[in-house]
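What follows is one structure encoded as structure tokens, with my remarks underneath.
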Amino acid sequence: MAGSTGSKAASGRDKIKSYNKYGYLFLIPFAVVFVIFQLIPLVQTIYYSFFENYRSGLKMIGPNFIGLENYKTLFQSGDFLIYFKNTMIMWVLGFVPQILVSLLLAAWFTDVSLRLKGQRFFKTVIYLPNLIMASAFSMLFFTLFGDIGPINSILVSLGLISGPYKFMSHVWSVRGLVALMNFLMWFGNTTILLMAGMMGIDKSLFEAAEVDGATSGQIFRKVTLPLLKPIFIYVLITSLIGGLQMFDVPQILTNGSGDPNRTSMTLVMYLNKHLFSKNYGMAGALSVILLIITGILSLIVFRATMKDED
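Each residue of the sequence shown is one higher than the last, beginning at 327 in our numbering.
Structure below.
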């Protein structure tokens with residue numbers, strides 16, 4: 327009997343191994359795409375960041391190995407820190423209302439007691455802006471908030487302002503418009519993710535809290551929010567990475583200038599200027615720094631949000 331049982335177990339393990347090979351076969355396309363389009367370009371970017379390689383007039387200088395000089399130049403110029411601050415300010419201005427509105431909408435849509443009508447319609451509507459290209463959104467806002475745009479015409483006709491307000495000439499109006507566009511494009515996606523997290527919470531927990539006399543606000547704070555932590559961490563980190571990569575909205579809205587006075591210039595816009603001027607060494611160094619910053623900030627966010635569980 328023991329020999330028969332052992333042979334059955336061995337045959338079972340052999341079957342598992344034979345099935346596992348199909349999993350590796352399905353991973354091959356992903357691995358090939360990752361190596362060709364991500365890993366190799368990443369290694370090349372890090373390699374070129376240690377070289378002097380730029381265009382001066384019609385003449386191409388380099389590539390000449392200069393070590394860490396590109397990195398020193400970036401930090402000594404001061405522009406990098408200014409553009410990093412701009413990027414984080416516009417990301418925070420867009421993300422804070424995004425997460426608050428998304429939490430509110432997700433709580434409403436998943437609350438059975440409210441019996442909201444037309445939920446499918448409203449879910450579709452709030453997600454639609456996410457499907458619109460950022461460039462199209464930027465052109466729309468550029469037209470709406472122009473000096474002779476519809477927004478100024480409405481404000482003047484209502485007597486709220488005496489003359490057209492130059493939205494594109496004031497620091498916080500430009501930053502506010504960039505944040506507003508990012509909010510409109512992404513709050514629907516965030517709402518769907520938070521709804522998925524809320525719908526996965528065991529309903530018996532809410533019922534038990536109600537039996538104990540907890541109010542709806544207390545249930546939301548003490549039950550819903552703690553159990554939403556994994557989804558919240560995912561939303562926060564992905565939004566942070568997207569914020570550091572912010573480019574198309576401010577690029578089109580300010581025509582690539584980052585005006586007024588470069589206060590809406592982001593890190594990726596700064597990177598694009600180096601690429602446009604054929605300064606590949608500086609562009610490579612800036613890309614590597616962006617990669618490091620993204621990793622560090624993501625790690626900080628993850629550790630800070632998971633501190634209670636540790």
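Where a beta carbon is used, it is the ideal one built from N, C-alpha and C, also for glycine.
By Cβ distance, which residues of its chain are closer than 7 Å to residue i, with the 5 residues on each side in sequence left out?
{"i": "residue 495", "result": "586"}
{"i": "residue 377", "result": "388, 389, 390, 391, 392 and 607"}
{"i": "residue 504", "result": "416, 575, 576, 579 and 590"}
{"i": "residue 601", "result": "609"}
{"i": "residue 617", "result": "none"}
{"i": "residue 521", "result": "432, 435 and 436"}
{"i": "residue 445", "result": "435"}
{"i": "residue 410", "result": "593"}
{"i": "residue 516", "result": "424, 425, 428 and 561"}
Can you give me the Cβ contacts of residue i inside the same chain, cut-off strictly under 6 Å, excluding the 5 residues immediately before and after it?
{"i": "residue 509", "result": "420, 423 and 424"}
{"i": "residue 542", "result": "none"}
{"i": "residue 614", "result": "372 and 375"}
{"i": "residue 527", "result": "553"}
{"i": "residue 476", "result": "470"}
{"i": "residue 499", "result": "493"}
{"i": "residue 487", "result": "481"}
Under DSSP, the alpha helix (DSSP H) around residue i begins and ends at which residues?
{"i": "residue 596", "result": "593-602"}
{"i": "residue 381", "result": "Counting along the chain, residue 381 falls outside any alpha helix (DSSP H), though it belongs to the beta strand (DSSP E) covering 377-382."}
{"i": "residue 388", "result": "Where residue 388 is concerned, there is no enclosing alpha helix (DSSP H), although the beta strand (DSSP E) it sits in stretches over 385-391."}
{"i": "residue 501", "result": "497-525"}
{"i": "residue 491", "result": "Neither: residue 491 is in no alpha helix (DSSP H) and is coded neither H nor E."}
{"i": "residue 452", "result": "445-453"}
{"i": "residue 399", "result": "395-403"}
{"i": "residue 611", "result": "606-631"}
{"i": "residue 462", "result": "460-470"}
{"i": "residue 532", "result": "529-537"}
{"i": "residue 372", "result": "366-374"}
{"i": "residue 555", "result": "555-570"}
{"i": "residue 578", "result": "574-579"}
{"i": "residue 457", "result": "Premise fails: residue 457 is in no alpha helix (DSSP H) and is neither H nor E."}
{"i": "residue 638", "result": "With the chain covering 327 to 636 only, the question about residue 638 has no answer from this structure."}
{"i": "residue 542", "result": "542-545"}
Measuring straight from C-alpha to C-alpha, what distance separates residue i and residue j?
{"i": "residue 385", "j": "residue 367", "result": "25 Å"}
{"i": "residue 512", "j": "residue 471", "result": "21 Å"}
{"i": "residue 563", "j": "residue 619", "result": "12 Å"}
{"i": "residue 361", "j": "residue 347", "result": "21 Å"}
{"i": "residue 622", "j": "residue 349", "result": "32 Å"}
{"i": "residue 628", "j": "residue 383", "result": "46 Å"}
{"i": "residue 484", "j": "residue 478", "result": "10 Å"}
{"i": "residue 558", "j": "residue 456", "result": "19 Å"}
{"i": "residue 641", "j": "residue 481", "result": "Coverage of the chain is limited to positions 327 through 636, which leaves residue 641 absent and any answer about it impossible."}
{"i": "residue 437", "j": "residue 583", "result": "46 Å"}
{"i": "residue 568", "j": "residue 599", "result": "19 Å"}
{"i": "residue 370", "j": "residue 396", "result": "15 Å"}
{"i": "residue 525", "j": "residue 440", "result": "15 Å"}
{"i": "residue 533", "j": "residue 514", "result": "28 Å"}
{"i": "residue 468", "j": "residue 459", "result": "14 Å"}
{"i": "residue 626", "j": "residue 556", "result": "15 Å"}
{"i": "residue 352", "j": "residue 359", "result": "12 Å"}
{"i": "residue 530", "j": "residue 357", "result": "42 Å"}
{"i": "residue 538", "j": "residue 630", "result": "31 Å"}
{"i": "residue 412", "j": "residue 450", "result": "32 Å"}
{"i": "residue 523", "j": "residue 398", "result": "44 Å"}
{"i": "residue 497", "j": "residue 403", "result": "22 Å"}
{"i": "residue 418", "j": "residue 581", "result": "22 Å"}
{"i": "residue 448", "j": "residue 430", "result": "14 Å"}
{"i": "residue 551", "j": "residue 588", "result": "39 Å"}
{"i": "residue 540", "j": "residue 414", "result": "38 Å"}
Could you give the C-beta distance for residue i and residue j, rounded to a whole number, given that I count them as a contact under 8 Å?
{"i": "residue 624", "j": "residue 554", "result": "Contact flag wrong, Cβ pair sits at about 19 Å."}
{"i": "residue 453", "j": "residue 518", "result": "6 Å"}
{"i": "residue 612", "j": "residue 400", "result": "6 Å"}
{"i": "residue 507", "j": "residue 464", "result": "7 Å"}
What does a CB cutoff of less than 8 Å around residue i pick up in its chain, not counting 5 residues either side in sequence?
{"i": "residue 380", "result": "386, 387, 388, 603, 604, 605, 606, 607 and 608"}
{"i": "residue 328", "result": "Low confidence applies to residue 328: its pLDDT is 48, below 50, so where it sits in the model is not reliable enough to give any reading."}
{"i": "residue 597", "result": "609, 612, 613 and 616"}
{"i": "residue 406", "result": "400, 593, 596, 612 and 615"}
{"i": "residue 536", "result": "545"}
{"i": "residue 502", "result": "419"}
{"i": "residue 408", "result": "588 and 591"}
Contact the region 346-366 vs the region 559-575: 3+ CB pairs below 8 Å: no
Cβ pair count under 8 Å reaching 3, the region 545-554 against the region 491-505: no
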